[in-house]
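J.:
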Amino acid sequence: MSASEEELFGGPLRYDTGWSRHEYAFEGQTLGATLRAFPGMVAGTLRLAARADRRALWTVGAAEVGQGVAAAVGLVLVNQVLGALLGTGEVAGRLHGALPALVAGGVVAVVGALLASLSTAATGRLEPKVERTANERYLSAVVAVELEAVEDGEFRRLIDVADLGASSARRMVGQGVSTVNSLLSLLAAAGVLTVLHPVLLPMLVLIAAPRGWGAMRVTQRRYASVMLWVEHRRASSLIGRHLTSRESAPEIRVHGAGAFLLRHFRAMAANAEAEQARLARERAGTELAAAALSGLAMVVTWVALGLLVVSGRVDLAVAGTAVVAIRTGSATLGALVVSLNNLTEESLYVADLENCVARAAERAIPVGGAALPAKVAEVRFEEVRFGYPDRAEPVLDGVSLRVRTGEVTAVVGENGAGKSTLMKLLAGLLLPASGRVLWDGVDLREADRAQVFAQVGLVTQDFERWPMTAGTNIRIGAPDRPGGAAEVHEAARAAGAGPLVDGLPRGLDTLLSRVFKGGSDLSGGQWQRIGLARAEYRDARFLLVDEPTSALDPEAEIAAFDRIRGLAGPDRAVVLVTHRMAAVRRADRIYVLDGGRVAEEGTHDQLLAAGGRYAAMYAAQAAQYGPGPQSPQALPLPRRSGPAAPPAPAGSSR
Ligand SMILES: Nc1ncnc2c1ncn2[C@@H]1O[C@H](COP(=O)(O)OP(=O)(O)OP(=O)(O)O)[C@@H](O)[C@H]1O
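Position 649 of the sequence shown, counted from 1, bears residue number 649 in the UniProt record's numbering, the numbering being contiguous throughout.
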């Protein structure tokens with residue numbers, strides 16, 4: 001651990017996404033274990049590749065087998081050439097005798113080169129397709145899971161890892177091809193050596209084994225180091241990003257945080273550099289030892305070969321071929337160990353991706369289910385209980401309420417009372433632990449969730465600000481609606497975003513993101529108008545509005561609430577969660593959440609008369625308003641000289 005880690009992050013950073021399960025798993029990996037796992041890894045790669053592009057896969061396979069055969073035939077031809085050259089007779093005669101094998105060797109070499117380039121082209125075609133297929137596999141699985149899974153930390157970690165798995169899947173293709181290639185060339189060399197003389201095969205193994213051991217050792221150390229240092233590296237690149245980000249720029253300058261962070265950035269980089277240097281030293285030592293052992297084995301091999309020739313057990317041509325085969329064979333075996341190691345490492349991440357897909361399938365939103373009426377008129381909660389897994393106490397503990405089309409329903413309560421959770425249950429995003437949510441009598445658990453979602457529109461405080469054009473930001477509320485620019489304009493106008501959109505440099509086509517060149521950005525309040533326009537465009541029967549106006553200025557806020565209320569009609573229900581009591585008073589029905597239950601319910605006048613929690617909350621906020629004239633809708637305007645808007649109840653984080 002570095003001093004910077006201690007000071008900035010409070011302790012050593014360990015990698016804590018799902019793949020930490022593999023931490024050091026690779027360290028104990030032996031060549032034998034890797035070889036045993038080999039068929040499974042190859043099968044996994046083949047499955048992915050076959051899903052992506054079967055034809056390219058066949059081409060690669062055929063080209064690789066062809067190259068193996070060409071390598072074997074090449075060695076046999078070398079033997080024939082040497083046999084002819086080292087035979088008896090005139091030199092010219094011997095050369096003439098070697099000619100056919102030489103020509104054939106040339107042809108085989110050309111065929112081998114053609115096959116190699118064919119394999120390269122097909123592999124290049126296959127790799128991006130495999131990555132795309134792997135990406136699509138986990139992305140389509142993850143978008144279909146319940147919201148509860150998305151919010152579950154464990155599952156989130158799986159998603160992070162799956163992201164790494166897709167690029168590993170791509171690399172696995174290349175590594176798989178190299179492995180198969182090395183394996184086939186090795187088989188060719190080993191086969192030819194065995195045919196030449198059985199004692200030659202162990203010699204090949206003797207030379208290559210130290211190099212294989214060295215490669216395995218280097219990879220293991222690198223893997224262990226990556227695992228140990230990856231969080232450190234991420235943390236230091238995080239510091240780098242914060243140093244240059246737009247959001248931190250003011251504090252970096254005014255508070256002088258830049259020099260402080262830069263100092264730690266340098267210190268952390270120095271630690272990482274020391275680790276790299278240590279790895280390089282160890283690698284150099286290991287490779288030197290492997291080369292020495294391999295050289296020793298080489299000396300033994302050549303002496304043994306010499307003895308075999310002198311004793312007449314092997315003739316000179318065979319010895320010459322053996323030299324060639326041993327040299328190519330030992331180089332191939334070294335490459336095989338390296339690509340096997342890489343393949344093993346990549347396969348760990350691909351296995352994580354598959355794990356994510358499997359877990360996502362278990363937590364997927366069920367497809368199909370009981371049909372809902374085309375126009376649902378009421379959603380009813382019956383004794384609904386719901387709690388988050390990491391909390392002992394339920395958030396909602398026996399909530400009963402109803403939401404009807406043609407009405408504005410408001411839900412109020414203090415911070416953490418469970419209002420947003422209730423909205424998610426209402427939207428069909430969460431399921432109750434007990435009790436029932438009934439859509440015109442159909443239990444949400446059995447209902448076709450796609451039909452539920454089709455009737456819901458959402459506007460939340462942290463609604464998505466898509467880094468796309470203004471038009472897309474509105475249209476994305478109902479992507480399947482065949483509306484054109486006129487409908488989008490109309491939705492913007494109805495949501496009070498008409499002048500805003502018209503004032504943008506390219507109107508609806510203006511890119512609302514500074515991430516790309518030429519993009520514009522909006523203020524928080526302007527974005528909220530776009531969010532409302534999106535909801536307007538969606539035109540849903542149940543419009544769920546959760547704290548939509550916190551960034552609007554006071555007058556815009558009142559206008560926004562008027563508009564939201566205006567959205568309610570005989571065919572639409574509006575459910576409003578807000579801390580602004582002024583927005584609530586004209587709701588048809590108000591529910592006050594407290595302690596996980598509905599503490600009070602009624603109209604504004606009824607609740608004020610009851611003198612309970614609602615009355616207290618209202619009185620607290622009313623004190624923030626001036627005694628000045630009221631708006632035509634009897635909504636009090638906040639004092640211009642006071643806070644920009646009536647503050648939320650004490651302790652509000654919003
Ligand atoms: N995804 C989650 N995982 C675990 N706990 C959560 C999650 N979301 C909310 N909670 C907890 O559930 C409780 C209710 O949260 P919720 O957001 O529904 O309250 P709220 O009434 O909307 O609050 P606020 O007025 O502050 O927005 C809070 O204590 C919160 O910490």
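Ideal Cβ placement from N, Cα and C applies to all residues, glycine included.
1) Looking only at its own chain, which residues have a Cβ that is under 7 Å from the Cβ of Leu343, when we skip the five neighbours before and after it?
2) Would Ala215 and Val337 qualify as a contact pair, given that the criterion is a beta-carbon distance under 7 Å?
3) Please state the DSSP three-state secondary structure of Ser400.
4) Within 10 Å of its beta-carbon, does Phe26 have 16 or more other beta-carbons around it, so buried, or fewer, so exposed?
5) Quick one: what's Ile590 bridged to in DSSP?
6) For Ala104, which of Arg132, Val91, Val395 and Ala71 has the nearest alpha-carbon?
7) Does the region 42-60 come within contact of the region 275-285, defined as at least 3 CB pairs closer than 8 Å?
8) So Leu464 is in the alpha helix (DSSP H); what residue range does that whole segment cover?
9) Going by DSSP in three states, Glu383 sits in which element: helix, strand or coil?
10) Are there three or more Cβ pairs, one per stretch, closer than 8 Å when the region 140-155 is compared with the region 355-368?
11) Using a Cβ-Cβ cutoff of less than 8 Å, which residues in the same chain neighbour Ser50 once the five nearest sequence positions on both sides are dropped?
12) I think Asp390 touches Gly596, with their Cβ atoms under 8 Å apart; what is that distance to the nearest whole Å?
13) Measuring CA to CA, which of Gly418, Arg475 and Arg402 is closest to Gly441?
14) Are the beta-carbon atoms belonging to Ala583 and Arg529 less than 7 Å from one another?
15) Since Gly219 contacts Asn355 with CB under 8 Å, what's their CB separation in whole angstroms?
16) Out of Ala478, Ala410 and Leu372, which one is the CA nearest neighbour of Thr445?
17) Quick check on Phe516: does DSSP put it in helix, strand or coil?
18) So Arg613 is in the alpha helix (DSSP H); what residue range does that whole segment cover?
19) Quick one, are the C-beta atoms of Leu543 and Ala427 less than 7 Å apart?
20) Can you find at least 3 beta carbon pairs, one from the region 567-574 and one from the region 407-416, that sit closer than 8 Å?
21) Apply the 10 Å Cβ neighbour rule to Gly83 and answer buried if 16 or more other Cβ atoms are within range, or exposed otherwise.
22) Give me the residue from Glu383, Val437, Val488 and Ala377 with the minimum Cα distance to Ala568.
23) So which of Ala486, Met423, Ala447 and Trp466 has the shortest CA-CA distance to Gly457?
24) Could you say if the region 506-521 and the region 460-473 meet the contact criterion of at least three C-beta pairs nearer than 8 Å?
25) So which of Gly61, Ser168 and Arg385 has the shortest CA-CA distance to Ala116?
26) Would you mind sorting Gln67 into buried or exposed? The rule is 16 or more other CB atoms within 10 Å of its CB.
27) By how many angstroms is the C-alpha of Gly285 removed from the C-alpha of Gly306?
28) State the start and end residues of the unbroken beta strand (DSSP E) segment that holds Leu544.
29) Mark Gln606 as exposed unless 16 or more other C-beta atoms lie within 10 angstroms of its C-beta, in which case mark it buried.
30) To which residues does DSSP link Val456 through a beta bridge?
31) Starting from Ser330, trace the beta strand (DSSP E) in both directions and tell me its first and last residue.
32) Which partner residues does Arg597 have in the DSSP bridge list?
33) Taking its Cβ as the centre, do 16 or more other Cβ atoms sit within 10 Å of Ser4, making it buried, or is it exposed?
34) Hey, out of Leu504, Ile476 and Gly503, whose CA is closest to Ala535's CA?
35) Could you tell me if the beta carbon of Asn342 falls within a distance shorter than 6 Å of some heavy atom in ligand 1?
36) Apply the 10 Å Cβ neighbour rule to Glu414 and answer buried if 16 or more other Cβ atoms are within range, or exposed otherwise.
T.: So, from the data block:
1) On the sequence shown, residue 343 is found 343 positions in, with the first residue counted as 1. Excluding residues within five positions, the ones whose Cβ falls inside 7 Å are Met41, Met172, Gln175, Gly176 and Thr179.
2) Taking the sequence shown and counting its residues from 1, one reaches residue 215 at position 215. Taking the sequence shown and counting its residues from 1, one reaches residue 337 at position 337. Their beta carbons are under 7 Å apart, which means Ala215 touches Val337 by this criterion.
3) Within the sequence shown, residue 400 is the residue found at index 400, counting from 1. Strand, per DSSP.
4) For the purposes of this step, residue 26 is taken as residue 26 along the sequence shown, with counting starting at 1. Unreliable positioning characterises Phe26 in this predicted model, as indicated by a pLDDT of 48, which lies under 50. The coordinate reading is nonetheless provided below. Buried, by the Cβ-count rule.
5) Here residue 590 refers to the residue found at position 590 of the sequence shown. Answer by DSSP bridge pairing, in chain order: Ala410 and Gly602.
6) For the purposes of this step, residue 104 is taken as residue 104 along the sequence shown, with counting starting at 1. Selected option, being the one with the closest Cα: Ala71.
7) no
8) Taking the sequence shown and counting its residues from 1, one reaches residue 464 at position 464. Residue 464 is actually Glu in this sequence, not Leu. Looking at the DSSP string, Glu464 is not in any alpha helix (DSSP H), and its letter there is neither H nor E.
9) Residue numbering aside, residue 383 sits at position 383 when the sequence shown is read from its first letter. In the structure shown, Glu383 sits in a strand (DSSP, three-state: E or B).
10) yes
11) The residue labelled residue 50 in the question sits at position 50 within the sequence shown. Going by the sequence as given, residue 50 is Ala instead of Ser. Taken in chain order, the residues that qualify are Leu57.
12) Translated into positions along the sequence shown, residue 390 becomes position 390. Translated into positions along the sequence shown, residue 596 becomes position 596. No, Asp390 and Gly596 are not in contact; Cβ-Cβ is about 16 Å, not under 8 Å.
13) In the sequence shown, residue 441 corresponds to position 441, counting from 1. Ranking the options by Cα distance to Gly441, first place goes to Arg402.
14) The residue you call residue 583 lines up with position 583 of the sequence shown. The residue you call residue 529 lines up with position 529 of the sequence shown. Their beta carbons are not under 7 Å apart, which means Ala583 does not touch Arg529 by this criterion.
15) The residue you call residue 219 lines up with position 219 of the sequence shown. The residue you call residue 355 lines up with position 355 of the sequence shown. One detail in the question is off: residue 219 reads as Thr in this sequence, not Gly. Not really, about 23 Å apart at Cβ, beyond 8 Å.
16) Residue numbering aside, residue 445 sits at position 445 when the sequence shown is read from its first letter. Residue 445 is actually Arg in this sequence, not Thr. Among Ala478, Ala410 and Leu372, the Cα nearest to that of Arg445 belongs to Leu372.
17) As a first step, residue 516 is located in the sequence shown; it is residue number 516 there, counting from the start. Correct three-state label for Phe516: coil.
18) Along the sequence shown, one-based indexing puts residue 613 at 613. Residues Arg613 to Ala622.
19) In the sequence shown, the residue the question calls residue 543 occupies position 543. In the sequence shown, the residue the question calls residue 427 occupies position 427. No, Cβ-Cβ distance for Leu543 and Ala427 is not below 7 Å.
20) yes
21) Position 83 of the sequence shown holds residue 83. Gly83 should be labelled buried.
22) For the purposes of this step, residue 568 is taken as residue 568 along the sequence shown, with counting starting at 1. Checked all of Glu383, Val437, Val488 and Ala377; the closest Cα to Ala568 is Ala377.
23) Position 457 of the sequence shown, counting from 1, holds the residue named residue 457. Ranking the options by Cα distance to Gly457, first place goes to Met423.
24) yes
25) Reading the sequence shown from its first residue, position 116 is the one you call residue 116. Comparing Cα-Cα distances from Ala116 to each of Gly61, Ser168 and Arg385, the minimum goes to Gly61.
26) What you label residue 67 is simply residue 67 of the sequence shown in a count that begins at 1. Classification of Gln67: buried, given that the 10 Å Cβ count is 16 or more.
27) Stepping through the sequence shown from its first residue, residue 306 is reached at position 306. Stepping through the sequence shown from its first residue, residue 285 is reached at position 285. Distance between the alpha carbons of Gly306 and Gly285: 31 Å.
28) Translated into the one-based positions of the sequence shown, residue 544 becomes position 544. Counting along the chain, the beta strand (DSSP E) containing Leu544 begins and ends at Phe542 to Asp546.
29) Residue 606 sits at position 606 when you count from the first residue of the sequence shown. With fewer than 16 other Cβ atoms within 10 Å, it is exposed.
30) Numbered from its first residue, the sequence shown carries residue 456 at position 456. Its beta-bridge partners are Phe542.
31) Here the question's residue 330 lines up with position 330 in the sequence shown. No beta strand (DSSP E) holds Ser330; the alpha helix (DSSP H) holding it covers Leu316 to Glu362.
32) The residue labelled residue 597 in the question sits at position 597 within the sequence shown. Asp594.
33) As a first step, residue 4 must be located in the sequence shown, where it is residue number 4. Buried.
34) Within the sequence shown, residue 535 is the residue found at index 535, counting from 1. With distances taken between Cα atoms, Ala535 lies closest to Ile476.
35) On the sequence shown, position 342 is the one that residue 342 refers to. No, Cβ of Asn342 sits at least 6 Å from all heavy atoms of ligand 1.
36) By one-based count along the sequence shown, residue 414 stands at place 414. It counts as buried.
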